[in-house]
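Presented below is the structure to which this report refers.
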Amino acid sequence: MAFGQRKMYDVSHLGLKCASCGVAITELPFQPSSDRPVYCRECARKRNPRGGSSGRGPSRRY
Ligand SMILES: [Zn+2]
1167 MAFGQRKMYD VSHLGLKCAS CGVAITELPF QPSSDRPVYC RECARKRNPR GGSSGRGPSR
1227 RY
């Protein structure tokens, strides 16, 4: 099970920090742009939950 398909960009020379938790970011799965905040893996995952389960459930019975 190799997990090396995704290219990671080495950004350690940029001295980026996670905009949410402030941890140092050394690599990103995308090319960093200066006007966008970057997030570490964990925060990026929290901010991008897959699946679109919104708050409305079908259970609206009295
Ligand atoms: Zn973070």
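Numbering (my numbering), first residue to last: 1167 to 1228. Virtual Cβ for every residue (Gly too), placed ideally from N, Cα, C. Note that the coordinates shown come from a computational prediction; the quantities given were computed from them, not determined experimentally.
* V1189: beta carbon under 6 Å from a heavy atom of ligand 1? -> Start at 1 with the first residue of the sequence shown, and residue 1189 comes out as number 23. For ligand 1, at least one heavy atom lies less than 6 Å from the Cβ of V1189.
* **The alpha helix (DSSP H) enclosing C1209, as first and last residue numbers** => For the purposes of this step, residue 1209 is taken as the residue at position 43 of the sequence shown. First-last of the alpha helix (DSSP H) with C1209: 1207-1213.
* Asked: Can S1186 be considered in contact with ligand 1, in the sense that its beta carbon sits closer than 6 Å to one or more heavy atoms?
  -> On the sequence shown, position 20 is the one that residue 1186 refers to. Yes, since a heavy atom of ligand 1 falls inside the 6 Å radius drawn around the Cβ of S1186.
* To do: Report yes if the C-beta distance between L1180 and V1204 is below 7 Å; otherwise report no.
  => For the purposes of this step, residue 1180 is taken as residue 14 along the sequence shown, with counting starting at 1. For the purposes of this step, residue 1204 is taken as residue 38 along the sequence shown, with counting starting at 1. Pairing L1180 with V1204 gives a Cβ-Cβ distance that is not under 7 Å.
* **Any non-hydrogen atom of ligand 1 closer than 6 Å to Y1205 Cβ** => Taking the first residue of the sequence shown as position 1, residue 1205 is located at position 39. At least one heavy atom of ligand 1 is nearer than 6 Å to the Cβ of Y1205, so yes.
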